[in-house]
Structures are given as C-alpha cells and as structure tokens.
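Heads up: the structure comes next, in structure tokens.
In the numbering used here, the protein residues as written are 5 to 531.
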C-alpha cells in the first residue's frame, strides 16, 4: 500500500522548490512512460492505471489503483530490466497481488487473452528524488520527488496535445504517517503548494477527450470497513467521505477552474465536514488526532471566502425573474457593491496556505492507524504505553443516538416558535436542520444495516422543511441585499417591499413543515 501526497507547484515557485530540495542529496532520473487502457477505458473508470515506464535505463511495469482514502494507493511494480526497445505490456505480470487480481477481473471477457489493451498516452518527465528523515514524535522516512515535464496525447499526429507537469510528491517509505503529514504541511506552506487529485494518467485522458472542465464531485455515503466500527473508525470513515467530495473539487478550483458547481459542491463538503467535527468529537477524545478546535476556524474562513460573493450572486439570479414577473423596475442590485469588489476569487480561497494546511491534516487523520493496545510490543522492544482508546462500537452508537435525538428535539422545539424568532435565530434553525440531516446520512448504516428503509424514510421527512427553510433563507438574504442597494439606487425599494410582504407567510410555511418532521419514525431508536 502506497501512502503519498501530491502537490501542484505554482510556476513562480519552481526554482525555490528545486533549490530547497537540492539542499540534500538528490538523484536525477528521466522517466518516459506509456499508459494503457481498454478501448472503452474501463481501467480509468475504475480508478486504475497500467503503465510501462523507462526509468533511466531500466523498464518497469506498474499497476496502480485507488485505495481506502485520499492517501492510500494500491500499487505493484515489476522490474523488467534493461532493454533497447520497450517490452510488451502483460497484465499477467501482476497476477497474485491484490491490485493485480483487481486488474484481471476488469480485463476478463471469457477469452484466453482478455480484453485487448491500447496505448492511450505518454509522459516525459525529469524527476529529482531525495529521502528526508523526519525526527522526533511521528518519525518517518519520506521520499520527495519533484516531477517536471509533460503528458502527451495523440503523439506524432496532427491532433497531438500536451499538458505541462510540475508536481511535488511525498511518499512515506517507512515510519509514522504523521511524520509525512508534518513534512507535507511545512513544504506546502513554505512554497504555496496545493494538493492535487489529478494523476498523470487522468491528465492524459482529459487531453484525449479535449476536456477542459470536469463534472463536480458530489457527496457519497461513508464506507465503514466493519459492521461494528469503534469511535475512531467512525470518525475516519466520515471524514474520508467528506474529503472524497472536497478534494477533487478543491483541486480543480485551485488549478484555475471557475465552475460554479464545483464551488457549490466544495462548500457542501465543508458543511458536511463541519457537522462531522462538531457531532463526532466525543467518539475519540483522548488521542488528540481529531483536532476539531484547530480545523474548524480554517474551514469557516474558506467557506465564507468561497460563499460571500457566490451567495449574493445566486440570490440575485433567483430573485430577478420573480421580481420581473411582479413588474419591478429593472436594475442590477450588485452594481457598485463593495463586497463584490473585495471578495477573493475561489482559486485564491482554495490555494490559501491555511486551507491547504487543514486539508493535509485531515487527509493524515484518515490514514492514521488504529490505537495500539498495551499488550502489543514493538519488535524486539519493551511494551509501549497503551494508546488512549476510542469508544467501542456500542458506546459510540450510544453517543450517536444522543446526538441525533438532541438535534431532533432542538429542531422540533425551535420549529414550534419559528414565527416569533428573530432573523438570526431562524437562520440557526436551518443550519441545525442541515446538521441533523448530515449526521443522519453519515451514521444511518450503523443503526439500519439490515433495512435502510427507516433512515431513508426519516431523511425523506426532512426534505419539505429543508426546502421551505432554504427558500425562506434565500428571500431573507435577498431582502437584506436589496435593502443595502437602496443606498445606491432607489429602485431597490420595490424589492424591499415585495420581499417584506412575503416574510410572514414564509415563516408560517417553515413552521408548518418543521412540525411535520416529528411524525417521522426515528431510525436510531432501539427496536
């Protein structure tokens, strides 16, 4: 299992990164690789890479696949020795390994040879490598690799296309993953690097498809490795689920994408993660690995930076057609808006060192090993002190029941008096309802493994209230925005009056929708 970070290097920082790397002993290698897949790209669809690479004078065949989280990669290498011409690609060379067996299943079609492979793209990279020893607590040996070169598709044809590569990879050779994390944080912060999820193989696939923008990645349910995970395993699985949504979108935005849906999905991922930090902290309080107090402020900063301008723009997009139907005077409420002018770009917000730092820490948390028991000894050494134990599976579920029940009751209580709450308190109800929904989605399999219908019915019962509160919040934001705009343009008063007149009816609709939630059976209750 390979554990590594990969960062993109801003063009203006390459010389500094190279100089810093050369403060130790480095090895220079030219890497020329050819990537293979089926005609229907089934390897790429399954997150696998099969390549033949010339490393200096030697040829190496490699298969890689995605692992359990953002740091883990399954990998198997076969050294083919030196040869003048490139050897033929043979998937059977990886037979008998976990990743090789996965490859064989993908290529199986009932024939002896399996599905044929075709060359998809190539790379030409100059790599500088250096081993770095991280001392102290979390000691480790990390291989740092600076890759500079290009990915090429349609080589030698009129359609040839190339994409530059300028990356720094940090791979854990042995030792504690937290040593890798601390080194990654330091280099990322010093050199303005950002975490990238785009492999060289994926770069090539995009070149082949002439694809400039990829679809935003949406949320998926956590994957629990066992039916009865302990507290830390629950935390890690949920955080990994949040990162699986956040990291690909953040990677695209940091690289320059301005896709609205990627920004939107990144913000949803941050919301989900903040819910996890708040609601799951009790599951493993002793180890200090789940550092919500350090992570939360940085996530809030990024969320606000990504959302200030976008929220205002989205509200205007929704409000303008409705105001037009009401025959409101036409004007742009954001014209001359100081907030719009001062808002950072999405790329700046994602590339900010504080946000990248917390992403690295969170990725490291998901890769941390289980706590060692006092009975486990280091090879040839004395008994180590017992690591603080997370809650066991039963205790963790008890805590989760309490958290779900508390949120449910709070939403019900505030729903009863929703119409009398001030605007800020009404907004808090909406945020609390979102936390209830996200927490229920996270932990549903832990309570409803035999029949997911209970959790699905409960979540379905939340949706009308979510929709009502979402519309009510949009109108409240619009009202505040147009009220600000009256200082610049008197035509905004029509919208102020129109949204003000709708406020009371909207609050009643929210209260009614919230009240209906209590009729839903709570899937977390003991049968």
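Backbone N, C-alpha and C fix where the C-beta goes; we use that ideal spot for every residue, glycine too.
For clarity, every value in this text was computed on a predicted model and none was experimentally measured.
(message) Helix, strand or coil for residue 95? Go by DSSP, reduced to three states.
(response) helix
(request) Measure from the alpha carbon of residue 435 to the alpha carbon of each residue in 462, 170, 476, then state which is nearest. (result) 476
(message) So, with DSSP's three-state summary, where would you put residue 468?
(response) helix
(request) Decide if residue 356 is buried, meaning its Cβ has at least 16 other Cβ atoms within 10 Å, or exposed. (result) buried
(request) Give the straight-line distance between the Cα atoms of residue 380 and residue 373, rounded to the nearest whole angstrom. (result) With a pLDDT of 42 at residue 380, under the threshold of 50, the modelled position of this residue cannot be trusted; read the value that follows with caution. Roughly 14 Å between the two C-alpha positions.
(request) Go to residue 264, then tell me how far its alpha helix (DSSP H) extends in each direction, as first and last residue. (result) 264 to 283
(request) Determine which residues share a DSSP beta bridge with residue 192 and list them. (result) DSSP lists no partner for residue 192.
(message) Short of 6 Å in beta carbon distance, which residues of its chain neighbour residue 385, apart from the five on each side in sequence? Order them along the chain.
(response) Caution applies to residue 385, whose pLDDT of 47 falls short of 50 and renders its modelled position unreliable; the model cannot decide the point.
(request) Please report how far the alpha carbon of residue 359 lies from the alpha carbon of residue 393, in whole angstroms. (result) 29 Å
(request) Pull up the distance between the alpha-carbon of residue 269 and that of residue 31, whole angstroms please. (result) 40 Å
(request) With DSSP as the reference, please indicate the residues paired to residue 81 in a beta bridge. (result) 66
(request) From the DSSP output, in three-state form, read off residue 384 for me. (result) Confidence in residue 384 is poor, its pLDDT being 44 and thus under 50, which makes the residue's placement too unreliable to answer from.
(request) Classify residue 519 as helix, strand or coil using the three-state DSSP reduction. (result) helix
(request) With residue 151 as the anchor, note down where its beta strand (DSSP E) starts and where it stops. (result) 144 to 157
(request) Enumerate in chain order the residues of its own chain whose CB-to-CB distance from residue 315 is below 8 Å, with the five nearest sequence positions on each side excluded. (result) 481
(request) Starting from residue 257, follow the alpha helix (DSSP H) in both directions and report where the run begins and ends. (result) 235 to 258
(message) Beta-carbon within less than 7 Å of residue 84's beta-carbon, same chain only, minus the 5 sequence neighbours each way: which residues are those?
(response) 63, 64, 65, 91
(request) Verify whether the separation of the beta carbon atoms of residue 395 and residue 288 is less than 8 Å. (result) yes
(message) Between the region 192 to 207 and the region 399 to 415, can you find at least three pairs of beta-carbon atoms closer than 8 Å?
(response) no
(request) Express the C-alpha separation of residue 326 and residue 41 in angstroms, rounding to a whole number. (result) 50 Å
(message) Could you tell me the alpha carbon to alpha carbon distance between residue 164 and residue 183, rounded to whole angstroms?
(response) 41 Å
(request) Under 8 Å by Cβ, that's how I've got residue 142 and residue 105 pegged, so tell me the actual separation to the nearest angstrom. (result) Not confirmed; about 33 Å, so no contact.
(request) Would you kindly work out how many angstroms separate the C-alpha atoms of residue 189 and residue 524, rounded to a whole number? (result) 45 Å
(message) Excluding the 5 residues flanking residue 514 on each side, which residues of the same chain have their C-beta closer than 6 Å to its C-beta?
(response) 422, 472, 473, 476
(request) List the endpoints of the continuous beta strand (DSSP E) containing residue 449. (result) Here residue 449 belongs to no beta strand (DSSP E); instead the alpha helix (DSSP H) covers 427 to 451.
(request) Taking only the alpha-carbon atoms, compute the straight-line gap between residue 429 and residue 37 and give it to the nearest angstrom. (result) 58 Å
(request) Take residue 271 and list the residues in its own chain whose beta-carbon comes closer than 7 Å to its own, dropping the five residues that flank it on each side. (result) 307, 310, 311
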